[in-house]
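All remarks here apply to the structure that follows.
Number of protein chains: 2
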Amino acid sequence: MKKRVSIKDIAEKVGVSTALVSYVLNGKEREARVGQEIAKKIRKVAADLNYQPNLIARGLKFGRTNTLGLIVADISNPFFATLARSIELEAQKNGYTVLFGSSDEQLDKSQNLINTFLSRQVDGLIITPVAGSQSQIEELKTKGIPFVLMDRGFSDLETSVVVTDNHEAMYSAVKLLTDNGYRKIGMIAYDTPLTHMQDRIKGYKDALKDAGIRFQSKWLKKVPFEDYKERVARAVLQLIDKKSQPVDALVFATNSISVQALKIIHAQKLVVPDDLGIISFDESDAFEFFYTSITYIKQNLNEISKKAVQTLLKNINSVTPKVERVIVPSTIVVGVSSGKKLKEKVVV
Amino acid sequence: MKKRVSIKDIAEKVGVSTALVSYVLNGKEREARVGQEIAKKIRKVAADLNYQPNLIARGLKFGRTNTLGLIVADISNPFFATLARSIELEAQKNGYTVLFGSSDEQLDKSQNLINTFLSRQVDGLIITPVAGSQSQIEELKTKGIPFVLMDRGFSDLETSVVVTDNHEAMYSAVKLLTDNGYRKIGMIAYDTPLTHMQDRIKGYKDALKDAGIRFQSKWLKKVPFEDYKERVARAVLQLIDKKSQPVDALVFATNSISVQALKIIHAQKLVVPDDLGIISFDESDAFEFFYTSITYIKQNLNEISKKAVQTLLKNINSVTPKVERVIVPSTIVVGVSSGKKLKEKVVV
DNA sequence: CTGAAAGCGCTAACAC
DNA sequence: GTGTTAGCGCTTTCAG
Numbered sequence: 001m002k003k004r005v006s007i008k009d010i011a012e013k014v015g016v017s018t019a020l021v022s023y024v025l026n027g028k029e030r031e032a033r034v035g036q037e038i039a040k041k042i043r044k045v046a047a048d049l050n051y052q053p054n055l056i057a058r059g060l061k062f063g064r065t066n067t068l069g070l071i072v073a074d075i076s077n078p079f080f081a082t083l084a085r086s087i088e089l090e091a092q093k094n095g096y097t098v099l100f101g102s103s104d105e106q107l108d109k110s111q112n113l114i115n116t117f118l119s120r121q122v123d124g125l126i127i128t129p130v131a132g133s134q135s136q137i138e139e140l141k142t143k144g145i146p147f148v149l150m151d152r153g154f155s156d157l158e159t160s161v162v163v164t165d166n167h168e169a170m171y172s173a174v175k176l177l178t179d180n181g182y183r184k185i186g187m188i189a190y191d192t193p194l195t196h197m198q199d200r201i202k203g204y205k206d207a208l209k210d211a212g213i214r215f216q217s218k219w220l221k222k223v224p225f226e227d228y229k230e231r232v233a234r235a236v237l238q239l240i241d242k243k244s245q246p247v248d249a250l251v252f253a254t255n256s257i258s259v260q261a262l263k264i265i266h267a268q269k270l271v272v273p274d275d276l277g278i279i280s281f282d283e284s285d286a287f288e289f290f291y292t293s294i295t296y297i298k299q300n301l302n303e304i305s306k307k308a309v310q311t312l313l314k315n316i317n318s319v320t321p322k323v324e325r326v327i328v329p330s331t332i333v334v335g336v337s338s339g340k341k342l343k344e345k346v347v348v
Numbered sequence: 001m002k003k004r005v006s007i008k009d010i011a012e013k014v015g016v017s018t019a020l021v022s023y024v025l026n027g028k029e030r031e032a033r034v035g036q037e038i039a040k041k042i043r044k045v046a047a048d049l050n051y052q053p054n055l056i057a058r059g060l061k062f063g064r065t066n067t068l069g070l071i072v073a074d075i076s077n078p079f080f081a082t083l084a085r086s087i088e089l090e091a092q093k094n095g096y097t098v099l100f101g102s103s104d105e106q107l108d109k110s111q112n113l114i115n116t117f118l119s120r121q122v123d124g125l126i127i128t129p130v131a132g133s134q135s136q137i138e139e140l141k142t143k144g145i146p147f148v149l150m151d152r153g154f155s156d157l158e159t160s161v162v163v164t165d166n167h168e169a170m171y172s173a174v175k176l177l178t179d180n181g182y183r184k185i186g187m188i189a190y191d192t193p194l195t196h197m198q199d200r201i202k203g204y205k206d207a208l209k210d211a212g213i214r215f216q217s218k219w220l221k222k223v224p225f226e227d228y229k230e231r232v233a234r235a236v237l238q239l240i241d242k243k244s245q246p247v248d249a250l251v252f253a254t255n256s257i258s259v260q261a262l263k264i265i266h267a268q269k270l271v272v273p274d275d276l277g278i279i280s281f282d283e284s285d286a287f288e289f290f291y292t293s294i295t296y297i298k299q300n301l302n303e304i305s306k307k308a309v310q311t312l313l314k315n316i317n318s319v320t321p322k323v324e325r326v327i328v329p330s331t332i333v334v335g336v337s338s339g340k341k342l343k344e345k346v347v348v
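Residue numbers (full-length UniProt numbering), protein chains in the order written: chain V, 1 to 348; chain F, 1 to 348.
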């Protein structure tokens, strides 16, 4: 690779010091009262040489790189990819560039990414934290590194965080089902202590309670991230098992769970919503061709990312950063899958 | 943000020069013959202070940052997100971190990203180039910046590039259709001169020719990236129009086109494959619940990304980089949608 | 064995 | 008005 042209090259060519070049190129010729002639000359040579400032050098000088680190669970997951896209946009608007990495919900990968990004002197981090990573996050706090959690947080840790209204969203989803006559409502969620999941579960339970329905523990199935596919399949089969008081509706805590569950429901030839009402948290392309339209909670991903970047930048630019919790409202897109329950079901 | 701990802090604390610290921390104590005692002490203090090397400073020193720039069309598109994921993985394996950005198929955004990444002194670029960006790419060449194109390239430009076997893939897809008895095969593609699309189109035409079918220009519909949805819808309606010799099979050049087209086909109540054979280039989650399984060409995205990174790294590390064209084989996943055409169709 | 010092590219306080 | 220089954190040559 050829040597890139530096401020020094320009200085030599024009016959001035690098200082003058720097002043002129940063539009500070007024303050430094650089001569008109010389300024013009410098600009011309810079253009001729196709000069591009070295942001690495500038970063070293200023101790800030105008780079953000983004750690998501998995960038290939459309949910996170969509967040990444808006983050990129908002960051760019503010003159920042984004480094990214995927944690795969694994503690060691998360720690590695944090270390790598810090070594690269990012100005701040946007993180979808992994379960059990409190100590990693706390270290950021003690080190005074600006960061914001996104999508999920910890109940036992005071941090800036931007999330969806998980509780309300799931509450209103389940309420929609109870209002439509469903009484035995099951839920499949991921088995994690992270707040987004806990809040969704709480929303589900609270909605049942407010509808005067007594929650039954067998209705709630928690599956691990690892081989969630099999586990979701098993959970669905248990929940709809005819021999033991099957549920009449199901809510799914994420789109990945939904898609997998719908496959089983389809394979079992259950009719949605007549046999089983359905609501999903988040949408999926796969809903497109399911034989009936799926009711789902639509998070405002765009707003979440925007707020995440803005909150982070506020932190970066403030001398006394303060913890900020942002909750972004979601909407519910009503399809056929949560439709009114048939009152009288003919038992054959 | 608190001051991060530097080599200097360690040196002061131990009471040696920064040089020694540098040697020890880089495992070069042997060459520099640093004393055992002192080395141990340095290491201890470094650990105590939780020292993280400043890669920015190192980058400035070495003129290399161990950072790659990735420019895709749109990171929120699962296709590119999946590529990004594997690139991240392969880059990490080699000690690189990835900056990313989306070009939206737009020339100015592409140029902006290139500039930004170069200013940040990335060691190389992986680019899915935008139509008409030859000059941008050529400038990289003249500047001697290592880069590799991915997914698509230019027919009029000699560059390193990693792509799928677009021609063969589409050829064999169409051959599958002709072998199964389809004779009037249409195609919907994006309207772009980029090689991936041109190669797919050529594969389609060549397969027709080899099957003894004369290509009809009205069979090939090219739609622009912008509002492709409407345009695809219109194209499908034209191709299946009963009044004017409708096609009996369709191939789609990308998954986004496929999903949109299938929606229309579904809405029009056409039966796949009886009324219409279907093959898609690339898969989509949405195929999951289409009423019949879709035959599709499966690119080896993992291999493409891996090769892209490897080719780029070879370029970066070689004094005399050479242009390398890598073609990654794809497979065809056969579903029901391309099944044998019913010989005698009962006309009502 | 150890350390001073130069230099990567850039900026800004401070001389001249 | 204009230019010198120190220094950001790190590496490495060369002198002690």
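Note that CB positions come from ideal geometry on N, CA and C, so glycine has one too.
Rounding to the nearest angstrom, what Cα-Cα distance links V/Lys175 and V/Val223 in this structure?
Residue 175 of chain V sits at position 175 when you count from the first residue of the first sequence. Residue 223 of chain V sits at position 223 when you count from the first residue of the first sequence. So the alpha carbons of these two residues sit roughly 24 Å apart.
Determine, using beta carbons only, whether V/Ile297 and V/Ala173 come nearer to each other than 7 Å.
On the first sequence, position 297 is the one that residue 297 of chain V refers to. On the first sequence, position 173 is the one that residue 173 of chain V refers to. Yes.
Give the secondary structure of V/Phe154 by DSSP, where H, G and I count as helix, E and B as strand, and everything else as coil.
Mapped onto the first sequence, residue 154 of chain V falls at position 154. DSSP places V/Phe154 in coil when its eight states are reduced to three.
Measure the Cβ-Cβ separation of F/Val45 and F/Val14 and say whether it is below 7 Å.
What you label residue 45 of chain F is simply residue 45 of the second sequence in a count that begins at 1. What you label residue 14 of chain F is simply residue 14 of the second sequence in a count that begins at 1. Yes, the Cβ-Cβ distance between F/Val45 and F/Val14 is below 7 Å.
Would you kindly report the start and end of the unbroken beta strand (DSSP E) that includes V/Arg325?
For the purposes of this step, residue 325 of chain V is taken as the residue at position 325 of the first sequence. Taken as a continuous stretch (DSSP letters only), the beta strand (DSSP E) holding V/Arg325 covers Arg325 to Val328.
Could you tell me whether the Cβ atoms of V/Ser103 and V/Ala84 are closer together than 7 Å?
Taking the first residue of the first sequence as position 1, residue 103 of chain V is located at position 103. Taking the first residue of the first sequence as position 1, residue 84 of chain V is located at position 84. Going by C-beta atoms, V/Ser103 is not nearer than 7 Å to V/Ala84.
Going by beta carbon distance, what residues of the same chain come within less than 7 Å of V/Leu301, once the five residues before and after it are set aside?
One-based indexing of the first sequence puts residue 301 of chain V at position 301. These residues qualify, in order along the chain: Thr82, Leu83 and Ser86.
Between the CA atoms of V/Asn180 and F/Lys109 - distance to the nearest angstrom
For the purposes of this step, residue 109 of chain F is taken as residue 109 along the second sequence, with counting starting at 1. For the purposes of this step, residue 180 of chain V is taken as residue 180 along the first sequence, with counting starting at 1. Using only the alpha carbons, I get a separation of about 49 Å.
Chain V contacts made by the stretch 235-269 of chain F, where a contact means CB separation under 8 Å
Only Val259, Leu262, Lys263 and His266 from the stretch 235-269 of chain F bring a Cβ to less than 8 Å from some Cβ of chain V.
Measuring straight from C-alpha to C-alpha, what distance separates F/Lys243 and F/Ile265?
The residue given as residue 243 of chain F occupies position 243 in the second sequence. The residue given as residue 265 of chain F occupies position 265 in the second sequence. Roughly 17 Å separates the two Cα atoms.
Counting only beta-carbon atoms, is V/Gln310 nearer than 7 Å to chain F?
Here residue 310 of chain V refers to the residue found at position 310 when the first sequence is read from its first residue. It does not: the Cβ of V/Gln310 has no partner Cβ on chain F nearer than 7 Å.
Any beta-carbon of chain V closer than 7 Å to the one on F/Phe215?
To locate residue 215 of chain F, count along the second sequence from 1; it is residue 215. Cβ-Cβ to chain V under 7 Å: no for F/Phe215.
What is the C-beta distance between V/Glu303 and V/Val272, in whole angstroms, given that I count them as a contact (C-beta under 8 Å)?
Here the question's residue 303 of chain V lines up with position 303 in the first sequence. Here the question's residue 272 of chain V lines up with position 272 in the first sequence. Actually they are not in contact, since the Cβ atoms of V/Glu303 and V/Val272 sit about 30 Å apart, beyond 8 Å.
V/Ser125 CB to nearest chain F CB: under 7 Å?
Mapped onto the first sequence, residue 125 of chain V falls at position 125. The amino acid occupying residue 125 of chain V in the given sequence is Leu; Ser does not appear at that position. So no, V/Leu125 is outside the interface.
Quick one: give me the first and last residue of the alpha helix (DSSP H) that V/Thr18 is part of.
Numbered from its first residue, the first sequence carries residue 18 of chain V at position 18. Judged by DSSP secondary structure, V/Thr18 falls within the alpha helix (DSSP H) whose first and last residues are Thr18 to Leu25.
Looking at F/Gln134 and F/Ile114, is the spacing between their C-beta atoms short of 7 Å?
Locating residue 114 of chain F in the second sequence gives position 114, counting from the first residue. Locating residue 134 of chain F in the second sequence gives position 134, counting from the first residue. Cβ atoms of F/Ile114 and F/Gln134: not closer than 7 Å.
Under the assumption that V/Ile240 contacts V/Gln216 (Cβ atoms under 8 Å), give the Cβ distance between them as a whole number of angstroms.
Stepping through the first sequence from its first residue, residue 240 of chain V is reached at position 240. Stepping through the first sequence from its first residue, residue 216 of chain V is reached at position 216. The pair is not a contact, with the Cβ atoms about 15 Å apart (cut-off 8 Å).
On the premise that F/Ala253 lies in contact with F/Ile188, defined as a C-beta separation below 8 Å, what is that separation, rounded to the nearest angstrom?
Numbered from 1 along the second sequence, position 188 holds the residue referred to as residue 188 of chain F. Numbered from 1 along the second sequence, position 253 holds the residue referred to as residue 253 of chain F. So it is a contact: roughly 7 Å between Cβ atoms.
May I have the straight-line CA-CA distance separating F/Ser6 from V/Leu118, to the nearest angstrom?
Here residue 6 of chain F is taken as the residue at index 6 of the second sequence, counted from 1. Here residue 118 of chain V is taken as the residue at index 118 of the first sequence, counted from 1. Here the C-alpha atom of F/Ser6 lies approximately 13 Å from the C-alpha atom of V/Leu118.
Expected contact under 8 Å - CB spacing of residue 350 of chain F and F/Thr128 to nearest Å
Outside the modelled stretch of chain F, which goes from 1 to 348, sits residue 350 of chain F, for which no answer is possible.
V/Val284 and V/Asn255: beta carbons closer than 7 Å?
Taking the first residue of the first sequence as 1, we reach residue 284 of chain V at position 284. Taking the first residue of the first sequence as 1, we reach residue 255 of chain V at position 255. Note on residue identity: the sequence assigns Ser, not Val, to residue 284 of chain V. Taking 7 Å as the Cβ cut-off, V/Ser284 and V/Asn255 qualify as a contacting pair.
Validate contact between the stretch 227-237 of chain V and the stretch 155-173 of chain V using beta carbons, cut 8 Å, 3 pairs
no
Give me, in chain order, the residues of the same chain whose beta-carbon lies closer than 7 Å to that of V/Asp206; leave out the 5 immediate sequence neighbours on both sides.
Stepping through the first sequence from its first residue, residue 206 of chain V is reached at position 206. So the qualifying residues of the chain are Tyr171.
So is F/Val336 in contact with chain V if we call contact Cβ pairs under 7 Å?
As a first step, residue 336 of chain F is located in the second sequence; it is residue number 336 there, counting from the start. It does not; no Cβ of chain V falls within 7 Å.
List, in chain order, every chain V residue whose beta-carbon is nearer than 9 Å to that of F/Gln52.
Mapped onto the second sequence, residue 52 of chain F falls at position 52. Chain V residues near F/Gln52: Asn115, Leu118 and Ser119.
Any C-beta of chain F under 7 Å from that of V/Phe281
Position 281 of the first sequence holds residue 281 of chain V. When Cβ-Cβ separations below 7 Å define contact, V/Phe281 makes no contact with chain F.
Any beta carbon of chain F sitting closer than 7 Å to that of V/Thr164?
Start at 1 with the first residue of the first sequence, and residue 164 of chain V comes out as number 164. Chain F, which has no Cβ nearer than 7 Å to the Cβ of V/Thr164, makes this no.
Hey, V/Asp191 and V/Asn166 are a contact pair by Cβ (cut 8 Å); roughly how many whole angstroms apart?
One-based indexing of the first sequence puts residue 191 of chain V at position 191. One-based indexing of the first sequence puts residue 166 of chain V at position 166. Rounded to whole angstroms, the Cβ separation of V/Asp191 and V/Asn166 is 16 Å, and the two are not in contact under 8 Å.
So, helix, strand or coil for V/Leu342, using DSSP?
Locating residue 342 of chain V in the first sequence gives position 342, where the first residue counts as 1. Three-state DSSP puts V/Leu342 in coil, outside helix and strand.
By Cβ distance, which residues of its chain are closer than 6 Å to V/Ile257, with the 5 residues on each side in sequence left out?
Position 257 of the first sequence, counted from the start, is the residue given in the question as residue 257 of chain V. These residues qualify, in order along the chain: Ile188 and Val232.
When the Cα atoms are used, what is the spatial distance from V/Ala91 to V/Arg325?
As a first step, residue 91 of chain V is located in the first sequence; it is residue number 91 there, counting from the start. As a first step, residue 325 of chain V is located in the first sequence; it is residue number 325 there, counting from the start. When rounded, the distance between both Cα atoms is 20 Å.
Check distances from the C-beta atoms of the stretch 43-70 of chain F to those of chain V and list, in chain order, the residues that come in under 7 Å.
Gln52, Pro53, Asn54, Leu55, Ile56, Ala57, Gly59, Leu60 and Thr65
Who are the Cβ neighbours of V/Gly277 in its own chain at under 6 Å, not counting the five residues just before and after it?
As a working note, residue 277 of chain V is residue 277 in the first sequence. Sequence-distant partners of V/Gly277 (beyond 5 residues in either direction) whose C-beta falls short of 6 Å from its own C-beta, in its chain, are Leu177, Tyr182, Ala249 and Ser338.
Return yes when the Cβ of V/Phe289 is within less than 7 Å of the Cβ of F/Ala261, no when it is not.
Sequence index remark: in the second sequence, residue 261 of chain F carries index 261 (1-based). Sequence index remark: in the first sequence, residue 289 of chain V carries index 289 (1-based). Not a contact, by the Cβ cut-off of 7 Å.
Check whether F/Ile10 and F/Val24 have beta carbons under 7 Å apart
Looking up residue 10 of chain F in the second sequence gives position 10. Looking up residue 24 of chain F in the second sequence gives position 24. No, Cβ-Cβ distance for F/Ile10 and F/Val24 is not below 7 Å.
Give me the Cβ distance between V/Leu312 and V/Phe147, rounded to the nearest whole Å; I'm assuming they're in contact under 8 Å.
Position 312 of the first sequence, counted from the first residue, corresponds to residue 312 of chain V. Position 147 of the first sequence, counted from the first residue, corresponds to residue 147 of chain V. The pair is a contact, with the Cβ atoms about 7 Å apart (cut-off 8 Å).
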